[in-house]
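One structure below.
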Amino acid sequence: MKSQSNKITALRSALLGASLLCLTGLVQAQPATPAPENGTFDVEQLFAGTCGFCHSDGGRAAGKGPQLMNSPRDDDFLHNRIKHGKQGAMPAFDGALTDAQIDQIVKYIRALKPREG
Amino acid sequence: MKRRWRKSGLPLVAIGATLIVSSALAQSVDTARIEAAGQNDWLTYHGSYKSYHYSPLAQINASNVGNLGVAWIHIPGRSTRGLQSMPLAADGVLYYTGSYSRVFALNGATGEVIWSYFPELDEALIARQTHSPYNRGLALGEGKAFVGTMDGRLIALDMKSGKVLWDTKLIDSQKLTVGFTGAPLYAKGTVIIGSQGGEWPGRGPIFAVDAATGKKKWEFLTVAGTDEAMKSWGNDSWRTGGGGGWMPGTYDSETNTILWGTANPAPLYDWSGADYKTQGARPGDNLYTTSVIGLDLDTGKLKFYHQELPHDAWDFDSAVGEFLMLDRDGQKLVVHPNKSGFIFVYDRNLAVKNVWRLVENINFVKDIDPKTGALIGRRDFSAGKVTEPPLCPFIGGGVSWNSGSYSPKTGLYYKIGQEWCMTLDIQKTTPVTTPQVQLNIGADFKMAPPPGGEIYGHLDARDPVTGAKKWEVRYPEPPLGSVLSTAGNLVFVPDSRGTLHAYDAETGGELWNHSDGTGHQGGIISYSAGGKQYIAVVAGFGGMLSDEYAPNFGGVYKSMPRDDGALIVYSLK
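Here the protein sequences come in this chain order: G and Y.
For reference, each letter of the first sequence is one residue, going 8 to 124 in the working numbering.
For reference, each letter of the second sequence is one residue, going 2 to 574 in the working numbering.
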């Protein structure tokens with residue numbers, strides 16, 4: 008399940024990069040440049056760190072946010088929702104994640120299967 | 002006679018005169034007045050520094066509550082994630098906040114808007130925040146109303162006009178996306194406010210600001226705020242330790258001490274296993290997270306503390322702001338609920354005197370020693386699934402952040418308990434070594450029923466020191482709002498489905514109820530204006546816990562708005 012293609016390299020660092028850009032007032036920042044400080048990070052870890060707070064069971068069940076497994080939404084919708092958020096429901100990750108990283112998250116969502124056992 | 006009065010305009014003159022008189026009689030709100038907790042007012046988040054959430058008014062009482070009806074309603078607008086605030090009342094004027102830190106001052110008898118204030122906020126920042134844009138209330142003092150904002154500011158408004166008197170930036174919210182959602186506390190010329198924290202990789206500061214000038218007086222870091230605390234974070238994990246203190250605590254004037262509850266460490270869930278002192282994402286006890294702390298009001302120096310859950314690996318924090326100040330058999334006691342559903346009883350220096358269980362479904366520990374507060378039989382997880390049994394309680398807690406109520410008349414503590422659990426998949430996360438935007442949870446999770454049972458909530462009437470239960474009322478879904486008790490032998494509970502209930506404070510018998518049209522998850526108070534008693538409650542659902550209700554409980558929650566709300570004020574018909 009956890010394939011190399013799912014990996015987002017140095018995502019934590021990208022988040023840090025974005026925060027530093029924001030510090031200089033560039034809130035609508037260009038894509039953050041990943042840097043190595045916080046190491047390698049994969050999408051499953053991203054879900055356990057951030058997304059899973061609202062999308063229960065790693066995106067497999069509805070919680071504060073909707074279930075993502077078997078989402079009827081198309082890839083563009085998912086990409087845009089992650090990037091721009093929804094007021095009062097989901098934060099915008101534009102500036103924290105690059106378009107390429109968001110595409111990796113969409114791939115993770117598409118590959119979600121029920122847990123075994 | 003009535004007709005003649007209308008023609009002559011006399012009633013208007015009379016009303017005008019009343020307003021002038023009441024404004025002339027209005028005194029400045031100061032520490033002594035908050036301490037005295039006059040029966041007509043509600044001057045601070047917890048009602049008074051005693052944190053009783055109790056009104057000595059008895060005009061509305063068990064014998065006439067059947068005649069309670071809506072007096073007026075106020076719609077604040079833009080109630081994204083509902084309304085979560087505790088109204089305040091002073092000299093017949095009601096003050097309250099809505100989402101985006103909107104502040105209103107209303108005529109307490111009529112609901113007429115005296116002034117309103119909508120701060121200009123960094124909307125681009127708010128769009129990136131998770132725990133936003135709700136606001137849980139304000140503080141009053143020295144002729145000012147104080148409110149925090151999601152973009153890290155504390156603002157003072159003139160109580161009479163709503164004019165901004167100062168606006169102080171306290172947190173660089175761009176860095177972590179955290180700000181202020183909780184109400185400030187006013188005491189002795191100082192305004193205290195704690196930042197969000199918990200699952201964010203920062204150090205959770207609590208600030209003191211000069212009420213007159215807006216200048217910062219001190220800042221206390223709830224993560225590694227002292228040399229001793231620094232040693233309780235292995236591998237430099239204190240740099241991203243979480244913490245914070247996002248609900249207002251209280252002030253003990255006898256010792257000039259601020260009592261405050263702190264939030265959980267980050268990541269919420271740890272993969273350390275039993276060797277949490279040396280292994281995992283944040284090895285050690287992680288001081289001063291999930292603790293109650295006593296800070297000197299003037300200097301911010303830590304005077305004493307008790308860490309309710311050393312190395313909290315379950316997100317059962319101590320952020321609940323209630324500190325019930327009791328005098329019992331010559332002993333001065335403080336009662337503080339922990340999110341886990343255990344209720345801690347302390348002396349005024351936060352030394353443990355007793356610990357009792359409010360909720361039934363607790364299995365993160367076998368027990369807590371009631372004499373020492375030590376955790377017995379901890380359940381520390383390694384990476385992997387946690388299903389048999391599920392972790393109890395659920396991340397929403399055995400108690401939530403809203404407040405219970407203590408009636409000095411009945412001697413009973415009325416508090417909502419929540420019975421629910423969760424399954425988890427703990428992740429062995431890559432260490433986060435630098436503060437970053439967004440959250441650090443450390444597990445996937447899902448709500449689950451208690452082993453062999455159903456999810457439910459309950460209002461308990463208990464002895465606050467021993468935990469002895471006198472009566473209980475059950476609800477199919479846990480109520481999330483605050484509780485109010487009054488000298489009229491009444492207990493009010495605003496529930497999640499949207500019904501406001503009134504119970505007999507001695508027996509728990511339901512005496513009255515009324516639908517507010519949407520779920521409750523905020524405050525409720527009582528006050529007097531023009532000699533008449535009112536009950537004010539905020540309604541409006543949505544947010545970090547209530548968003549779980551539609552997918553898990555369905556029913557009325559499926560169509561319940563999460564971007565709407567109203568302040569509803571009741572009086573006798």
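Here a beta-carbon is modelled for each residue, glycine too, at the ideal position from N, C-alpha and C.
Rounded to whole angstroms, how far is the Cβ of residue i from the Cβ of residue j, which I believe are closer than 8 Å?
i, j, result
"residue 137/Y", "residue 87/Y", "7 Å"
"residue 106/Y", "residue 42/Y", "The pair is not a contact, with the Cβ atoms about 14 Å apart (cut-off 8 Å)."
"residue 110/Y", "residue 530/Y", "4 Å"
"residue 60/G", "residue 131/Y", "7 Å"
"residue 268/Y", "residue 508/Y", "About 45 Å separates the two Cβ atoms, so there is no contact after all."
"residue 185/Y", "residue 441/Y", "Not confirmed; about 27 Å, so no contact."
"residue 258/Y", "residue 217/Y", "No, residue 258/Y and residue 217/Y are not in contact; Cβ-Cβ is about 20 Å, not under 8 Å."
"residue 417/Y", "residue 460/Y", "6 Å"
Whose CA, out of the options, lies closest to the CA of residue i?
i, options, result
"residue 128/Y", "151/Y, 274/Y and 157/Y", "151/Y"
"residue 87/G", "76/G, 75/G, 95/G and 101/G", "101/G"
"residue 110/G", "71/G, 56/G and 89/G", "89/G"
"residue 83/Y", "376/Y, 519/Y, 574/Y and 535/Y", "519/Y"
"residue 240/Y", "313/Y, 98/Y, 432/Y and 256/Y", "432/Y"
"residue 415/Y", "513/Y, 334/Y, 259/Y and 480/Y", "480/Y"
"residue 328/Y", "53/Y, 247/Y and 40/Y", "53/Y"
"residue 453/Y", "442/Y, 421/Y, 75/Y and 467/Y", "421/Y"
"residue 264/Y", "257/Y, 249/Y and 258/Y", "249/Y"
"residue 245/Y", "207/Y, 229/Y and 252/Y", "207/Y"
"residue 400/Y", "546/Y, 258/Y and 471/Y", "546/Y"
"residue 345/Y", "215/Y, 122/Y and 373/Y", "373/Y"
"residue 487/Y", "36/Y, 46/Y, 30/Y and 62/Y", "62/Y"
"residue 122/Y", "115/Y, 113/Y and 103/Y", "103/Y"
"residue 80/Y", "243/Y, 98/Y and 247/Y", "98/Y"
"residue 235/Y", "124/Y, 434/Y and 383/Y", "434/Y"
"residue 500/Y", "489/Y, 506/Y and 513/Y", "513/Y"
"residue 367/Y", "381/Y, 354/Y and 228/Y", "381/Y"
"residue 113/G", "56/G, 78/G, 96/G and 93/G", "78/G"
Buried or exposed: where does residue i fall if 16 or more other Cβ atoms within 10 Å of its Cβ makes it buried?
i, result
"residue 28/Y", "exposed"
"residue 160/G", "Nothing about residue 160/G can be reported from this structure: the residues present for chain G run from 8 to 124 only."
"residue 483/Y", "buried"
"residue 33/G", "The predicted position of residue 33/G is uncertain, since its pLDDT is 29 and thus under 50; a value taken from the coordinates is nonetheless stated next. Exposed is the call here."
"residue 375/Y", "exposed"
"residue 118/G", "exposed"
"residue 1/Y", "Residue numbering for chain Y in the displayed model covers 2 to 574; residue 1/Y lies beyond these limits and cannot be assessed."
"residue 154/Y", "buried"
"residue 548/Y", "buried"
"residue 576/Y", "This structure gives no information on residue 576/Y, because the portion of chain Y shown stretches from 2 to 574."
"residue 165/Y", "exposed"
"residue 30/G", "The predicted position of residue 30/G is uncertain, since its pLDDT is 29 and thus under 50; a value taken from the coordinates is nonetheless stated next. That one is exposed."
"residue 71/Y", "exposed"
"residue 332/Y", "exposed"
"residue 49/G", "buried"
"residue 108/G", "buried"
"residue 94/Y", "buried"
"residue 162/Y", "exposed"
"residue 145/Y", "buried"
"residue 475/Y", "exposed"
"residue 121/G", "exposed"
"residue 478/Y", "buried"
Is it the case that the CB of residue i approaches a heavy atom of the ligand ZN more closely than 8 Å?
i, result
"residue 100/Y", "Although the ligand ZN was asked about, the structure shown includes no ligands whatsoever."
In chain order, what are the residue ranges of uninterrupted beta strand (DSSP E) at least 3 long that sit wholly in the stretch 387-413 of chain Y? 406-408
Restricting to runs no shorter than 3 residues, where is the beta strand (DSSP E) found entirely within the stretch 492-540 of chain Y? 500-505, 511-516, 525-530 and 533-540
Entirely enclosed beta strand (DSSP E) segments - the stretch 63-146 of chain Y, minimum 3 residues: 69-75, 89-91, 94-99, 103-108, 114-118 and 140-142
Any alpha helix (DSSP H) of 4 or more consecutive residues that is wholly inside the stretch 61-98 of chain G: 63-66 and 82-91
Every unbroken beta strand (DSSP E) inside the stretch 301-364 of chain Y [3 residues or more]: 303-308, 325-329, 332-338, 343-348 and 353-358
May I ask you to list, following chain order, the residues of the stretch 57-88 of chain G that have a beta carbon less than 7 Å from some beta carbon of chain Y? 57, 59, 60, 63, 64, 65, 68, 69, 70 and 71
Listed from N- to C-terminal order along the chain, which residues in the stretch 443-454 of chain Y have their beta-carbon within a distance smaller than 8 Å of any beta-carbon of chain G? 443, 444, 445, 446, 447 and 448
Completely contained beta strand (DSSP E) runs for the stretch 178-242 of chain Y, where each covers 3 or more residues: 186-188, 191-195, 206-211 and 217-222
Name, going along the chain, the residues of the stretch 135-162 of chain Y whose beta-carbon falls closer than 8 Å to a beta-carbon of chain G. none
According to a CB-to-CB cut-off of less than 7 Å, which residues of the stretch 87-102 of chain G neighbour chain Y? 92, 94, 95, 98 and 99
Chain G contacts made by the stretch 281-297 of chain Y, where a contact means CB separation under 8 Å: none
Contact list for the stretch 378-396 of chain Y against chain G, Cβ threshold 7 Å: none
Against chain G, which members of the stretch 56-84 of chain Y pass a CB distance test of less than 7 Å? 81 and 82
Taking a Cβ distance cut-off of 8 Å, strictly less, list which residues of the stretch 226-247 of chain Y are near chain G, in chain order. none
Which complete beta strand (DSSP E) runs does the stretch 448-477 of chain Y hold, if anything under 3 residues is left out? 457-463 and 470-476
Short-range partners of chain G found in the stretch 510-525 of chain Y, where Cβ spacing is below 8 Å: none
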